[in-house]
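**Student:** Here it is: the structure, laid out below.
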Amino acid sequence: MTSKEGCNRFKNQVVVVTASTDGIGFAIARRIASEGAVVVISSRCKANVDEAVKKLESEGLNVKGVQCHVGNKEERMDLLRTATNNFKEKIDCLISNAAVSPYAGPTVDTPEPIFDKIFETNLKSSFLLTQDFRDWIKPNGNILYISSYIGYTPRQPLGVYAISKTALFGLTRAIAHDMWQQGKIRVNCIAPGIIQTRFSEVIWKDEETFEDIKKEIIMERAGRSEEIAGAAAFLCSSDGSYVTGETLVVGGGVTSRL
0 MTSKEGCNRF KNQVVVVTAS TDGIGFAIAR RIASEGAVVV ISSRCKANVD
50 EAVKKLESEG LNVKGVQCHV GNKEERMDLL RTATNNFKEK IDCLISNAAV
100 SPYAGPTVDT PEPIFDKIFE TNLKSSFLLT QDFRDWIKPN GNILYISSYI
150 GYTPRQPLGV YAISKTALFG LTRAIAHDMW QQGKIRVNCI APGIIQTRFS
200 EVIWKDEETF EDIKKEIIME RAGRSEEIAG AAAFLCSSDG SYVTGETLVV
250 GGGVTSRL
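The sequence shown begins at 0 in numbering that gives the first Met the number 0 and counts up by one.
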């Protein structure tokens, strides 16, 4: 248990976390639910949603689950409907975590359909979720985007994925101004470093590859999903009340400058 778990910073709040049945998203959902929130989790796969809900409920946490492909308007509306109790109540926080990385190779050789898929999921879905939810977030609420440290240093063979994550930094800054003017809603971003999840196992499970990457990490190790969850809980709680429009790198000291 970490130092802030059990302190109920999110008591009586409703928090939506997309792509949250595994890895970083699941860890964020668990952490925020452990601090008192009702958390709405989602994934494209219903079986994964059901399994994650069952696991979190077995820990005594208050969660709801919705099957949602963030690129599908109708499914985003289902997510919004569930989170707002059929459009009767507002939520406190939206955390957009969905991402894909279907291509590895030279950036210039990326097929156009793959390029579009990466940007639709990694960037456009966060923008559309923000549009869908913006009138349903309470004043002093929060929006949090999950990007990646690689957005600061786009490189082979994940060039287009990295560029999509760079764009999230810009979206954060641009949307932050709008949402503060609209309803005193803070908007921030987390750029995780190499985290031990299935999504990134091609990097950290390959000893030779990871040995090269470790040279760029001061702490010389991969991170854990729970370490990203702790940062998310800070930014989305009252402890982060004077932070908006920012991207927080949580990467063990990895090189991260544009």
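Beta carbons are placed, not taken as given, at the ideal position from N, Cα and C, and that holds for glycine.
Measure the CB-CB distance between residue 129 and residue 150 and report whether it falls below 8 Å.
**Tutor:** Position 130 of the sequence shown, counted from the first residue, corresponds to residue 129. Position 151 of the sequence shown, counted from the first residue, corresponds to residue 150. No.
**Student:** Please report whether the beta-carbon of residue 170 lies at a distance below 8 Å from any beta-carbon of chain D.
**Tutor:** Within the model displayed, chain D is absent; a lone protein chain is all it includes.
**Student:** Going by DSSP in three states, residue 241 sits in which element: helix, strand or coil?
**Tutor:** The count along the sequence shown starts at 1 and reaches residue 241 at position 242. Three-state DSSP puts residue 241 in coil, outside helix and strand.
**Student:** Would residue 254 pass as a contact of residue 215 if the rule is Cβ separation under 8 Å?
**Tutor:** Indexing the sequence shown from 1 puts residue 254 at position 255. Indexing the sequence shown from 1 puts residue 215 at position 216. In contact: residue 254 and residue 215 (Cβ atoms closer than 8 Å).
**Student:** Start and end of the alpha helix (DSSP H) containing residue 164?
**Tutor:** What you label residue 164 is simply residue 165 of the sequence shown in a count that begins at 1. Unbroken alpha helix (DSSP H) run through residue 164: 158–182.
**Student:** Mind checking residue 2: buried by the 16 CB within 10 Å criterion, or exposed?
**Tutor:** Here residue 2 corresponds to residue number 3 of the sequence shown, with the count starting at 1. Annotation note: pLDDT 46 at residue 2 (below 50); position unreliable, coordinate value reported separately. Exposed, because fewer than 16 other Cβ atoms sit within 10 Å of the Cβ of residue 2.
**Student:** Comparing C-alpha positions only, which one of 135, 75, 160 sits nearest to residue 98?
**Tutor:** Within the sequence shown, residue 98 is the residue found at index 99, counting from 1. Comparing Cα-Cα distances from residue 98 to each of 135, 75, 160, the minimum goes to 160.
**Student:** Determine the direct distance from the alpha carbon of residue 196 to that of residue 223, and round the result to whole angstroms.
**Tutor:** Counting from 1 along the sequence shown, the entry for residue 223 is found at position 224. Counting from 1 along the sequence shown, the entry for residue 196 is found at position 197. So the alpha carbons of these two residues sit roughly 8 Å apart.
**Student:** So which of 145, 30, 219 has the shortest CA-CA distance to residue 225?
**Tutor:** Position 226 of the sequence shown, counting from 1, holds the residue named residue 225. It is 30 whose Cα lies nearest to the Cα of residue 225.
**Student:** Compute the Euclidean distance between the alpha carbons of residue 194 and residue 158, then round it to the nearest angstrom.
**Tutor:** Stepping through the sequence shown from its first residue, residue 194 is reached at position 195. Stepping through the sequence shown from its first residue, residue 158 is reached at position 159. Taking the straight line joining both Cα atoms gives about 19 Å.
**Student:** Give the DSSP-derived three-state secondary structure of residue 44 in the structure shown.
**Tutor:** One-based indexing of the sequence shown puts residue 44 at position 45. Residue state, collapsed to three classes: coil.
**Student:** Please state if the CB of residue 12 and the CB of residue 92 are separated by a distance shorter than 8 Å.
**Tutor:** To locate residue 92, count along the sequence shown from 1; it is residue 93. To locate residue 12, count along the sequence shown from 1; it is residue 13. Yes. Within cutoff.
**Student:** How do the stretch 170–188 and the stretch 237–253 stand: do at least 3 beta-carbon pairs fall below 8 Å, yes or no?
**Tutor:** The stretch 170–188 vs the stretch 237–253: in contact.
**Student:** Enumerate in chain order the residues of its own chain whose CB-to-CB distance from residue 0 is below 8 Å, with the five nearest sequence positions on each side excluded.
**Tutor:** Translated into the one-based positions of the sequence shown, residue 0 becomes position 1. The predicted position of residue 0 is uncertain, since its pLDDT is 44 and thus under 50; no value can be drawn from it.
**Student:** Since residue 250 and residue 156 should fall inside the 8 Å C-beta cutoff, what is the C-beta to C-beta distance between them, to a whole number of angstroms?
**Tutor:** For the purposes of this step, residue 250 is identified with residue 251 of the sequence shown, where counting begins at 1. For the purposes of this step, residue 156 is identified with residue 157 of the sequence shown, where counting begins at 1. Their Cβ separation, rounded to whole angstroms, is 20 Å, which puts residue 250 and residue 156 out of contact at 8 Å.
**Student:** Alpha carbons only, please: which of 204, 143, 74 is nearest the one belonging to residue 227?
**Tutor:** Walking along the sequence shown from the start, residue 227 turns up at place 228. Ranking the options by Cα distance to residue 227, first place goes to 143.
**Student:** Is the distance from the Cβ of residue 95 to the Cβ of residue 174 below 8 Å?
**Tutor:** Your numbering for residue 95 matches position 96 in the sequence shown. Your numbering for residue 174 matches position 175 in the sequence shown. The answer is no: Cβ separation not under 8 Å.
**Student:** Just mark residue 75 as buried or exposed, buried being the case when its beta carbon has 16 or more other beta carbons within 10 Å.
**Tutor:** Residue numbering aside, residue 75 sits at position 76 when the sequence shown is read from its first letter. The residue is buried, with at least 16 neighbouring Cβ atoms inside 10 Å.
**Student:** Name the two residues that bound the continuous beta strand (DSSP E) containing residue 190.
**Tutor:** Position 191 of the sequence shown, counting from 1, holds the residue named residue 190. Residue 190 -> beta strand (DSSP E) spans 185–191.
**Student:** Quick one: what does DSSP say residue 100 is sitting in, helix, strand or coil?
**Tutor:** Taking the sequence shown and counting its residues from 1, one reaches residue 100 at position 101. Residue state, collapsed to three classes: coil.
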